[in-house]
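Single-structure report; data block below.
Protein chains: 2
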Amino acid sequence: MSAAPFTRIAVIGLGLLGGSVALAARARMAGVIVTGYDADAAVRARAAQIGLADTIAATPAQAVADADLVVFCVPVGAMAAAAAAVAPYLPAGCVVSDVGSSKASVLKALGDALPHATIVPAHPVAGTEQSGPDAGFATLFAGRWCILTPPDGADATAVARVAAFWEGLGARVEMMDAAHHDLVLAVTSHLPHLIAYTIVGTASDLEEVTQSEVIKYSAGGFRDFTRIAASDPTMWRDVFLHNRDAVLTMLQVFTEDLTELQKAIRKGDGAALFDHFTRTRAIRRSIIAMGQDDARPDFGRDHGAVATPSTPD
Amino acid sequence: MSAAPFTRIAVIGLGLLGGSVALAARARMAGVIVTGYDADAAVRARAAQIGLADTIAATPAQAVADADLVVFCVPVGAMAAAAAAVAPYLPAGCVVSDVGSSKASVLKALGDALPHATIVPAHPVAGTEQSGPDAGFATLFAGRWCILTPPDGADATAVARVAAFWEGLGARVEMMDAAHHDLVLAVTSHLPHLIAYTIVGTASDLEEVTQSEVIKYSAGGFRDFTRIAASDPTMWRDVFLHNRDAVLTMLQVFTEDLTELQKAIRKGDGAALFDHFTRTRAIRRSIIAMGQDDARPDFGRDHGAVATPSTPD
Numbered sequence: 001m002s003a004a005p006f007t008r009i010a011v012i013g014l015g016l017l018g019g020s021v022a023l024a025a026r027a028r029m030a031g032v033i034v035t036g037y038d039a040d041a042a043v044r045a046r047a048a049q050i051g052l053a054d055t056i057a058a059t060p061a062q063a064v065a066d067a068d069l070v071v072f073c074v075p076v077g078a079m080a081a082a083a084a085a086v087a088p089y090l091p092a093g094c095v096v097s098d099v100g101s102s103k104a105s106v107l108k109a110l111g112d113a114l115p116h117a118t119i120v121p122a123h124p125v126a127g128t129e130q131s132g133p134d135a136g137f138a139t140l141f142a143g144r145w146c147i148l149t150p151p152d153g154a155d156a157t158a159v160a161r162v163a164a165f166w167e168g169l170g171a172r173v174e175m176m177d178a179a180h181h182d183l184v185l186a187v188t189s190h191l192p193h194l195i196a197y198t199i200v201g202t203a204s205d206l207e208e209v210t211q212s213e214v215i216k217y218s219a220g221g222f223r224d225f226t227r228i229a230a231s232d233p234t235m236w237r238d239v240f241l242h243n244r245d246a247v248l249t250m251l252q253v254f255t256e257d258l259t260e261l262q263k264a265i266r267k268g269d270g271a272a273l274f275d276h277f278t279r280t281r282a283i284r285r286s287i288i289a290m291g292q293d294d295a296r297p298d299f300g301r302d303h304g305a306v307a308t309p310s311t312p313d
Numbered sequence: 001m002s003a004a005p006f007t008r009i010a011v012i013g014l015g016l017l018g019g020s021v022a023l024a025a026r027a028r029m030a031g032v033i034v035t036g037y038d039a040d041a042a043v044r045a046r047a048a049q050i051g052l053a054d055t056i057a058a059t060p061a062q063a064v065a066d067a068d069l070v071v072f073c074v075p076v077g078a079m080a081a082a083a084a085a086v087a088p089y090l091p092a093g094c095v096v097s098d099v100g101s102s103k104a105s106v107l108k109a110l111g112d113a114l115p116h117a118t119i120v121p122a123h124p125v126a127g128t129e130q131s132g133p134d135a136g137f138a139t140l141f142a143g144r145w146c147i148l149t150p151p152d153g154a155d156a157t158a159v160a161r162v163a164a165f166w167e168g169l170g171a172r173v174e175m176m177d178a179a180h181h182d183l184v185l186a187v188t189s190h191l192p193h194l195i196a197y198t199i200v201g202t203a204s205d206l207e208e209v210t211q212s213e214v215i216k217y218s219a220g221g222f223r224d225f226t227r228i229a230a231s232d233p234t235m236w237r238d239v240f241l242h243n244r245d246a247v248l249t250m251l252q253v254f255t256e257d258l259t260e261l262q263k264a265i266r267k268g269d270g271a272a273l274f275d276h277f278t279r280t281r282a283i284r285r286s287i288i289a290m291g292q293d294d295a296r297p298d299f300g301r302d303h304g305a306v307a308t309p310s311t312p313d
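Line by line, the protein sequences are chains C and P.
Position one of the first sequence corresponds to residue 1 (the UniProt record's numbering), numbered consecutively onward.
Position one of the second sequence corresponds to residue 1 (the UniProt record's numbering), numbered consecutively onward.
Shown next, in the form of structure tokens:
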């Protein structure tokens, strides 16, 4: 452990991300005290029970009382309310950050609610399909990228401290303009989620193919999409509402490309299909080479010890 | 091991599927002799080197000389040629099967080339994104479904023996009409692959976002799609050409559903998005309950031991 850039950290929102931030900070940063808070009393109770933080505060005021860093870990649509709730109690000099998936909207929400605070928005590109206080774990950020989107004229020292904080949690830090972040993540995260949610819905609603058949034969590819489409509905509703323009832009390009492949299938143009399918192989090799995914086939799924199905249907 | 339904098995095509059939039969069926053949001399040489089969035949004639089962494990567009190559040498009474992903087209191809053979088409719903003779493994079919699509009037004994063969390899067997199979797999396998290939292509070709950014921030969801889009281009070109109508039908439904979600985003209809995203969670729970996917978050990717990236970029 090295000297921590902050010593009194308040984590607002104790789901997958907030829980992981709290656990990682406690595991990896010497001398840091983590206080957690969640607007949901049941989540606070559970967080206390499983020891997510050193203290679970009962109110926003208690949560931030002596914090030198406040990290908002709530859905991007809840940032404004969460920030407003702590606004009257925020200590002078306290740095504010977050983990939201859209950055232009979050910067505006936090800035409006906390006009005097030093705000350094952050987005750790990490997660699982699970949510809630039991979903977090201390190694979620290990080897993942965390994108900081400090506004023009941001305090350089505060930016450096927030960067050091995320590096302390195991992440690699990159700086980016908020608008560009929103475009990049629209294609690497938001559009994939939208498409996964769509196809899982499509498959569930068919008349010609039963849901039981979809489930049984999902190993042909479909099951991969169901993981992403099991992500938190509130979080993702907010992402699409708050990064609307970038998502719609990327969706337009995707639709054009899909129409082109549809035409190749309809016309029986095997050469066009083969050419496209060959190009897309290279990207996966690069992702694995960059340490951003598991190199083992089929995500390393264990083909030797398959779970017994719960029904013999 | 139990008594094998066939004792002399010829596997034609030694890629991921053929290699896995050969390895599984040798590992799990007492007294079975497996002969392998591939039209590609380099694949035959590699298969001999790594011992995929008891014998690697040098010609189609040698491959099927004394077989009581021939399993065609070539791309569906190559079925006709592979069957024609063995047609003059096929022993009387030999049963013919395959592993193709589209069944109506394969039944026709095999039936045309082998008009006197007993044909029981099969489709094991199993695979990885890897291909070639080194990709196969003996447990690929364990716990997976294998769909048999025997034509009307098929010999019941031959169907039962082919079913027993696949059960012997570890699969669970289901019977289905070929046309219905093609519709079911269009939604559980072919459409997911088409969409994955599309979005990976979209992300690679953007002007506003670099390929390096797409790779770096792929953990936000995109990387899941790259696995499927790394699948064998020849195999998938053939699937789309040979199951064209069913794929285009399902693609039409998907496009309608995507347009609906696009409209909800454009209009800011959070309730519609939330409702859709909530429904899609249930399907994943069922898939896990049925033993068709890994229950661990993020496919069980190891967050504690992330690979070191090859460049510090």
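Where is the CB? At the ideal position from N, CA and C, for every residue including glycine.
Note that the coordinates shown come from a computational prediction; the quantities given were computed from them, not determined experimentally.
_CA nearest to the CA of Ala78/P, picked from Leu69/P, Ser102/P and Ala92/P_ = Ser102/P
*Taking only the alpha-carbon atoms, compute the straight-line gap between residue 332/C and Pro297/P and give it to the nearest angstrom.*
The structure shown does not extend to residue 332/C, since chain C is modelled only from 1 to 313, so the question has no answer here.
*Starting from the Cα of Pro124/P, find the closest Cα among Tyr197/P, Ser189/P, Asp134/P and Gly132/P and give me that residue.*
Ser189/P
*Compare the C-alpha of Gly36/C against each of Ala42/C, Thr55/C and Arg172/C and name the closest.*
Thr55/C
*Taking Cβ-Cβ distances shorter than 8 Å, what residues in chain C pair up with Glu129/P?*
Arg284, Pro297 and Asp298
*asked:* Give me the chain P residues within the contact set of Pro192/C, using Cβ-Cβ distance strictly less than 8 Å, ordered along the chain.
replied: Ile199, Gly220, Gly221, Phe222, Asp224 and Phe225
*Taking the runs of the alpha helix (DSSP H) that are 4 residues or longer, which of them lie wholly in the region 170 to 216 of chain C?*
178 to 185, 191 to 204 and 211 to 216
*Can you tell me the Cβ-Cβ gap for Asp141/C and Gly170/C, rounded? I've got them flagged as a contact below 8 Å.*
At residue 141/C the sequence reads Phe, which differs from the Asp that was named. About 5 Å; that satisfies the 8 Å criterion.
*Can you tell me whether DSSP reads His276/C as helix, strand or coil?*
helix
*Since His276/C meets chain P, which of its residues come closer than 7 Å, beta carbon to beta carbon?*
Tyr197 and Gly201
*Who are the neighbours of Ala27/C on chain P, taking C-beta pairs under 8 Å?*
Those within 8 Å of Ala27/C in chain P number zero; the least Cβ separation is about 11 Å.
*Would you verify that the beta carbon of Phe137/P is, or is not, closer than 8 Å to some beta carbon of chain C?*
yes
*Chain-ordered residues of the region 161 to 184 of chain C with a beta carbon less than 7 Å from chain P*: Leu183 and Val184
*Go through its chain and collect everything with a Cβ distance to Glu129/P's Cβ below 6 Å, but skip five positions before and after it.*
Arg227, Ala230 and Ser231
*Exposed unless 16 or more other CB atoms sit within 10 angstroms - verdict on Ile50/P*: exposed
*asked:* Shorter than 7 Å, the distance from the beta carbon of Phe141/P to the closest heavy atom of the ligand MG, or not?
replied: The model on display carries no ligand, and the ligand MG is accordingly not part of it.
*Below 8 Å between beta carbons: does that hold for Arg144/C and Ala67/C?*
no
*What's the C-alpha gap between Ser20/C and Thr149/C?*
Roughly 21 Å between the two C-alpha positions.
*asked:* For Met1/C and Ala30/C, what's the separation of their Cα atoms in angstroms?
replied: Here the model assigns Met1/C a pLDDT of 48, short of 50, so the residue's position is not dependable and the matter cannot be decided.
*List the residues that DSSP assigns as beta-bridge partners of Cys146/P.*
Pro124/P and Val173/P
_Cβ shell of Ala25/C (< 6 Å), same chain only, five flanking positions each side left out_ = Ile9, Val32 and Val34
_Strictly below 7 Å CB to CB, what residues from chain C border Tyr89/P?_
In chain order: nothing, as chain C lies at least about 29 Å away.
*From the DSSP output, which residues share a beta bridge with Tyr37/P?*
Ile12/P
*Closest Cβ-Cβ distance between Pro233/P and chain C: below 8 Å?*
yes
*Could you please give the first and the last residue of the uninterrupted alpha helix (DSSP H) stretch that includes Asp245/C?*
Arg244 to Lys267
*When the Cα atoms are used, what is the spatial distance from Ile147/C to Leu241/C?*
21 Å
*Measure the alpha-carbon distance for Glu260/C versus Arg44/C and round it to whole angstroms.*
50 Å
*Go through its chain and collect everything with a Cβ distance to Leu114/C's Cβ below 7 Å, but skip five positions before and after it.*
Ala83, Ala87, Leu90 and Val96
_Would you call the region 265 to 281 of chain C in contact with the region 233 to 248 of chain P, where contact means no fewer than 3 C-beta pairs closer than 8 Å?_
yes
_Give me the subset of the region 250 to 266 of chain C whose CB atoms are less than 7 Å from a CB atom of chain P, sorted by chain position._
Leu251, Val253, Phe254, Asp257, Leu258, Leu261, Gln262, Ile265 and Arg266
*Which residues does DSSP pair with Thr118/C in a beta bridge?*
Val95/C
*List the residues of chain P that Ile215/C touches, going by C-beta distances under 8 Å, in chain order.*
Ile283, Ser286, Ile287, Met290 and Gln292
*Does the beta-carbon distance from Val120/P to Ala164/P come in below 8 Å?*
no
*What is the rounded straight-line gap between the Cα of Thr198/C and the Cα of Asp275/P?*
12 Å
*Can you tell which of Glu256/P, Trp166/P and Arg172/P has its C-alpha closest to the C-alpha of Phe6/P?*
Trp166/P
*Go through its chain and collect everything with a Cβ distance to Leu191/P's Cβ below 7 Å, but skip five positions before and after it.*
Val247, Met250, Leu251 and Phe254
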